[in-house]
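What follows is a set of notes on a single structure, which appears directly below.
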């Protein structure tokens, strides 16, 4: 099931803010100087790929970031210079985060009456007055506070998050789904490995797929050594069975796989090649993809997944990777506003 990202708030010290934003990371020691645990530092290892980070500095939220990996041990960044020498030479936690500056920073003081009721009871990143809590470095943002901040930003955060995710090619969302699998306790290591291998089009998923599809539907290539096994419904939003279902896949030549995965092309149930209006036709010409084209009808089992692809992936700039929560019981409609149009050459 697709899960929403968690939200975090980092109180950036002015001396470190620029280094961390430009270096695309967060860094903290593991413990306080006296050796005591610190919730802020413990939070570093709770951050998952795809989580959203609000950067607060100089009395305002001035940047938003997306975690693109999990925490790892790392020494204090050399660009910190002498700042933080009290932490000694022990390694701390470093989380890769890709940031983008806000065009319109938000000052909590200006909205303290709205934010005060939704602040966390403990380890709040700001006080009811709207001032930053300098005793907190990284804090979890509870859902009511996320909702209020989202309202105050009027869509600005969602746009930035989407733009950052696009720079990763959508891989950060798959990384988050993989991390959730690795942390599960209801399945053993063999099943975990099987599900993770399916992300790369390998293992059980590929074996199941090759019993159904024999060649690339678009190029006709039969040599499966050069074909990619791709999910029709994106792997990151599939349940365990869908991740391994051969009917939820196609064997595609690499360039066709790229177009299909990013939502630039799709297929009707009857096999018509559908082309996004966002795709430059010079790409099709350069790659020898002729239009119009029919690749042959799909089975009823495949059509269910293709319906999902047409609704949630085709012509979506994010490849359908970050959408509404999707459960195994949810069945997408066959089409939105009618069957997608087959783009034909003039």
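Residue numbers (the working numbering): 561 to 906.
Using N, Cα and C, we set each Cβ at its ideal position, and we do this for glycine too.
Given the structure is predicted, the values throughout are model-derived calculations rather than measurements.
Thinking C-alpha only, which one of the options is nearest residue i?
| i | options | result |
| --- | --- | --- |
| residue 669 | 663, 583 and 617 | 617 |
| residue 733 | 609, 744, 861 and 808 | 609 |
| residue 826 | 806, 842, 778 and 796 | 778 |
| residue 909 | 677, 661, 712 and 699 | Missing from the structure shown is residue 909; the chain here goes from 561 to 906 and no further. |
| residue 600 | 671, 682 and 750 | 682 |
| residue 603 | 570, 635, 621 and 595 | 570 |
| residue 786 | 868, 774 and 687 | 774 |
| residue 630 | 620, 622 and 655 | 655 |
| residue 867 | 817, 638 and 794 | 794 |
| residue 841 | 824, 829, 830 and 685 | 824 |
| residue 801 | 751, 730, 876 and 667 | 751 |
| residue 612 | 650, 764, 698 and 684 | 698 |
| residue 546 | 664, 568 and 853 | Because the chain is modelled from 561 through 906, residue 546 falls outside the range shown and cannot be assessed. |
| residue 607 | 687, 568, 685 and 593 | 568 |
| residue 769 | 783, 810 and 759 | 810 |
| residue 659 | 799, 755 and 721 | 721 |
| residue 653 | 857, 564, 587 and 799 | 587 |
| residue 876 | 709, 598, 687 and 730 | 730 |
| residue 662 | 781, 723, 851 and 853 | 723 |
| residue 632 | 598, 830 and 589 | 589 |
| residue 830 | 819, 839, 855 and 701 | 855 |
| residue 626 | 834, 614 and 619 | 614 |
| residue 815 | 848, 709, 792 and 687 | 848 |
| residue 711 | 796, 737, 686 and 675 | 675 |
Would you list the one or two residues that DSSP bridges to residue i?
| i | result |
| --- | --- |
| residue 657 | 627 |
| residue 826 | 834 |
| residue 620 | 617 |
| residue 791 | 809 |
| residue 632 | 654 |
| residue 692 | 686 |
| residue 846 | According to DSSP, which records beta bridges pairwise, residue 846 is partnered with nothing at all. |
| residue 588 | 653 |
| residue 714 | Looking at the DSSP assignment, residue 714 forms no beta bridge with any residue, so it has no partner. |
| residue 567 | 612 |
Is it buried or exposed, residue i, if we count other Cβ atoms within 10 angstroms and call 16 or more buried?
| i | result |
| --- | --- |
| residue 837 | exposed |
| residue 566 | buried |
| residue 808 | buried |
| residue 704 | exposed |
| residue 870 | buried |
| residue 673 | exposed |
| residue 747 | exposed |
| residue 846 | exposed |
| residue 578 | exposed |
| residue 821 | buried |
Suppose you measure from the CA of residue i to the CA of residue j; what does that come to, to the nearest Å?
| i | j | result |
| --- | --- | --- |
| residue 812 | residue 740 | 28 Å |
| residue 804 | residue 832 | 26 Å |
| residue 859 | residue 772 | 10 Å |
| residue 886 | residue 595 | Bear in mind that the predicted position of residue 886 carries a pLDDT of just 34, short of 50, making it unreliable; the figure below should be weighed with that in mind. Those two C-alpha atoms are separated by around 43 Å. |
| residue 863 | residue 874 | 14 Å |
| residue 694 | residue 817 | 48 Å |
| residue 743 | residue 757 | 16 Å |
| residue 657 | residue 650 | 22 Å |
| residue 760 | residue 790 | 8 Å |
| residue 884 | residue 843 | At residue 884, the pLDDT of 37 sits below 50, so the modelled position is not reliable and the matter cannot be decided from this model. |
| residue 755 | residue 745 | 14 Å |
| residue 605 | residue 696 | 15 Å |
| residue 624 | residue 780 | 45 Å |
| residue 828 | residue 784 | 24 Å |
| residue 667 | residue 718 | 18 Å |
Against chain B, does residue i count as a neighbour if the rule is that its beta carbon must be under 8 Å from one of theirs?
| i | result |
| --- | --- |
| residue 604 | Of the protein chains in the structure, only one exists, and it is not chain B. |
Q | Stretch pair the segment 632 to 639 + the segment 573 to 590: three plus CB contacts closer than 8 Å | A | yes
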